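A.B. asks:
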Amino acid sequence: MKRVKVGLALSGGTAKSVAHIGVLKALIENGIPIDYLAGTSGGSLVAAFYAAGKSIEEIEALAGGIHWRNVAGFNIPRLGLLSSDRIRTFVVDEIGDIEIDDLAIPVAIVVSDLTNGKGAVLTRGKVSIACQASSSIPELYTPVETEGHVFIDGGFSEYVPVAALSSLGRMFKIGVNLGFEKGPRSRPRNLIEMTLQTANFIAQQNAAASERRADFMIRPDLTRFGPLELHKASDIIEQGYIETLKIIPELETTIKAFRPGAASSESHRSAR
28 MKRVKVGLAL SGGTAKSVAH IGVLKALIEN GIPIDYLAGT SGGSLVAAFY AAGKSIEEIE
88 ALAGGIHWRN VAGFNIPRLG LLSSDRIRTF VVDEIGDIEI DDLAIPVAIV VSDLTNGKGA
148 VLTRGKVSIA CQASSSIPEL YTPVETEGHV FIDGGFSEYV PVAALSSLGR MFKIGVNLGF
208 EKGPRSRPRN LIEMTLQTAN FIAQQNAAAS ERRADFMIRP DLTRFGPLEL HKASDIIEQG
268 YIETLKIIPE LETTIKAFRP GAASSESHRS AR
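Using our numbering, the first residue of the sequence shown is number 28, and each one after it goes up by one.
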């Protein structure tokens, strides 16, 4: 029997995005191969690095040593407090100035286009620019202007990029929503936290529609971690790993029962 192709849609999550590394680690260790990837915001970085050939161990080590100074530079306020140029430089330094077409695994990266008010799915062009644009949270980061477009964070159009994943072909679609919180949200303590919580509030509105398109959802409980806590990367990765291990049996059963072309909007499974 022909093996079912599997795609993974990685949401945003700011510092929590490193939990995707743990999710990938658990899937791969349990023999669930990833044939396609889609990413939004921080999820686009994990997707790009893995698709470029970096091992889980390499990405995990990279996440453990990252600081905000690696991905943000102070800006003279005009369209954002911070410059996102360091995100582009960071990607180039790690995987080279390559095209999305050059990646070993097909990848779709979601951005939001201020010039037309719509979301866009990037499957061509520079990986570094696509990741930079997808991660540019409004008010914090300046937008990315390229080829007549003004791009901002993809979470405003598709936080869990399941539809973007579908643009790559037919497959079993796994969505990962890192912004799903079980308990009450903490009170924002400053402008940055307020901006991030507002962005996540908007993102979860479109995430609901994305989840209906998925064949399976993974929602790691990351409530105890803050959106700026990059210094807790190893703990966040471990949490993503542990939460995913819990649902492996259900996921394997769902994949075995999958029939390509069948509607998933009413029958998809959700985990956590």
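Yeah, the Cβ is synthetic: ideal placement off N, Cα and C, and Gly gets one too. Because the structure is a prediction, the values reported are computed rather than measured.
#1: So Ser38 packs on Gly267, CB below 8 Å; how close in whole Å?
#2: Measuring CB atoms only, is the region 86-93 touching the region 38-55, in the sense that at least three cross pairs come out at less than 8 Å?
#3: Please state if the CB of Ile122 and the CB of Ile61 are separated by a distance shorter than 8 Å.
#4: How is Gly49 classed by DSSP in three states: helix, strand or coil?
#5: Determine the direct distance from the alpha carbon of Ser110 to that of Thr173, and round the result to whole angstroms.
#6: Look up Ala79 in the DSSP assignment and say whether it is helix, strand or coil.
#7: Would you mind sorting Gln159 into buried or exposed? The rule is 16 or more other CB atoms within 10 Å of its CB.
#8: State the CB to CB distance for the pair Val45 and Ile263, rounded to an integer number of angstroms; the pair is presumed to be in contact (CB under 8 Å).
#9: Using only alpha-carbon positions, find the residue among Val73, Gln224, Ala157 that is nearest to Gly253.
#10: Comparing alpha-carbon positions, which option in Leu141, Ala190, Val154, Arg151 lies nearest Asp180?
#11: Hey, how far is the Cα of Ala42 from the Cα of Leu257?
#12: How long is the line joining the alpha carbons of Ala241 and Pro287, rounded to whole angstroms?
#13: By the three-class DSSP mapping on this structure, what secondary structure does Asp180 have?
#14: Check for me: the beta strand (DSSP E) holding Ser193 runs from which residue to which?
#15: Assuming the contact rule is C-beta atoms closer than 8 Å, Val33 and Met198 should be a hit. Round their C-beta distance to whole Å, please.
#16: Among Ile269, Ser184, Leu192, Ile245, whose alpha-carbon lies nearest the alpha-carbon of Gln301?
#17: By the three-class DSSP mapping on this structure, what secondary structure does Leu278 have?
#18: What's the gap between the Cα of Glu279 and the Cα of Asp120?
#19: Spatial neighbours of Ala260 within its chain, please: CB distance less than 8 Å, with the 5 preceding and 5 following residues excluded, ordered by chain position.
#20: Can the beta-carbon of Ala78 be found closer than 8 Å to that of Val189?
#21: Would you check if the distance between the CB atom of Leu192 and the CB atom of Val154 is smaller than 8 Å?
#22: Quick one: what does DSSP say Asp242 is sitting in, helix, strand or coil?
#23: Closer than 6 Å by C-beta to Asp216: which residues in its own chain qualify, once you throw out the five before and the five after it? Chain order, please.
#24: For the beta strand (DSSP E) containing Glu172, name the first residue and the last one.
C.D. replies: So, to answer that:
#1: That pair is no contact at about 12 Å.
#2: Contact between the region 86-93 and the region 38-55 is present, with at least three C-beta pairs closer than 8 Å.
#3: Taking 8 Å as the Cβ cut-off, Ile61 and Ile122 do not qualify as a contacting pair.
#4: In the structure shown, Gly49 falls within a helical segment according to DSSP collapsed to helix, strand and coil.
#5: Taking the straight line joining both Cα atoms gives about 15 Å.
#6: In the structure shown, Ala79 sits in coil (DSSP, three-state: anything other than H, G, I, E or B).
#7: Classification of Gln159: buried, given that the 10 Å Cβ count is 16 or more.
#8: Going by Cβ atoms, the distance from Val45 to Ile263 rounds to 5 Å, so yes, they are a contact pair.
#9: Per the Cα distances, Gln224.
#10: Cα-wise, what sits closest to Asp180 is Leu141.
#11: Leu257 has its alpha-carbon roughly 5 Å from the corresponding atom of Ala42.
#12: Taking C-alpha positions only, Ala241 is separated from Pro287 by approximately 13 Å.
#13: If DSSP states are grouped into helix, strand and coil, Asp180 belongs with the strands.
#14: In the DSSP assignment, Ser193 falls outside any beta strand (DSSP E) and lies within the alpha helix (DSSP H) extending over 189-193.
#15: The beta-carbon distance between Val33 and Met198, rounded to whole angstroms, is 6 Å. This is short enough to meet the 8 Å contact definition.
#16: A query on residue 301 cannot be resolved here, the shown segment of the chain reaching from 28 to 299 and no further.
#17: In the three-state reduction of the DSSP assignment, Leu278 falls in the helix class, which pools H, G and I.
#18: Between Glu279 and Asp120, the C-alpha separation is close to 36 Å.
#19: So the qualifying residues of the chain are Ala42, Val45, Ala90, Gly91, Ile93.
#20: No, they are not a contact pair.
#21: No.
#22: Reduced to three states, the DSSP call for Asp242 is coil.
#23: Correcting the residue type first, residue 216 is Arg in the shown sequence and not Asp. Within the same chain, Arg216 has no close Cβ partners at all.
#24: Glu172 -> beta strand (DSSP E) spans 171-173.
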